[in-house]
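Asker: In the working numbering, the protein residues as written are -15 to 137. Below you will find the structure I want to go over with you.
Take a look at the structure:
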């Protein structure tokens, strides 16, 4: 390490920041809990207004307002149809960055998918992702097989 004083100062500041964050969170928990007592008829429109103001503030484009309303409607439909909302939010938040990074990786490897299996850590993460992708499809068959082979009691 070329500058240990800087590194240890950085570590100390991160530690101190976490301690202060815990104190602030513990001090404000009652206020955040009180927010839960506000009726949805008041809180819902307030959330919509804050979302619209935030979306318009970022880009100063009316298109952003329509985007908020459309994805709000999609999220509402997902909730009513009992679809999980978390994958939609994840796709909206990290989709662009993931696509750009995927494209960069393919350009670096001249189009070869072997870059995603190039070292142990990446291969492990890719294998885990593949397992998690296949598991929901395969799990009912595994459960049926286990039920069939389990001894009767």
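Glycine is no exception: its CB is placed at the ideal position from the N, C-alpha and C atoms. Given the structure is predicted, the values throughout are model-derived calculations rather than measurements.
Alpha helix (DSSP H) containing residue 25: first to last residue?
Answerer: Residue mapping note: residue 25 aligns to position 41 of the chain shown, counting from 1. Its alpha helix (DSSP H) spans residues 24 to 43.
Asker: Check whether the region 19 to 35 and the region -10 to 7 are in contact - that is, three or more C-beta pairs closer than 8 Å.
Answerer: They do not touch, by the three-pair rule.
Asker: Does the Cβ-Cβ distance between residue 35 and residue 9 come in under 8 Å?
Answerer: In the chain shown, residue 35 corresponds to position 51, counting from 1. In the chain shown, residue 9 corresponds to position 25, counting from 1. No, the Cβ-Cβ distance between residue 35 and residue 9 is not below 8 Å.
Asker: Nearest-angstrom Cα distance between residue 135 and residue 129?
Answerer: Numbered from its first residue, the chain shown carries residue 135 at position 151. Numbered from its first residue, the chain shown carries residue 129 at position 145. If I take the Cα positions, the gap works out to 12 Å.
Asker: Take the Cβ of residue 39 as the centre, count every other Cβ of all protein chains shown within 10 Å, and call the residue buried at 16 or more, exposed below.
Answerer: The count along the chain shown starts at 1 and reaches residue 39 at position 55. When all chains shown are included, residue 39 counts as buried.
Asker: Tell me which same chain residues have a C-beta within less than 8 Å of the C-beta of residue 69, skipping the five on either side of it?
Answerer: Counting from 1 along the chain shown, the entry for residue 69 is found at position 85. Around residue 69: 59, 62, 63.
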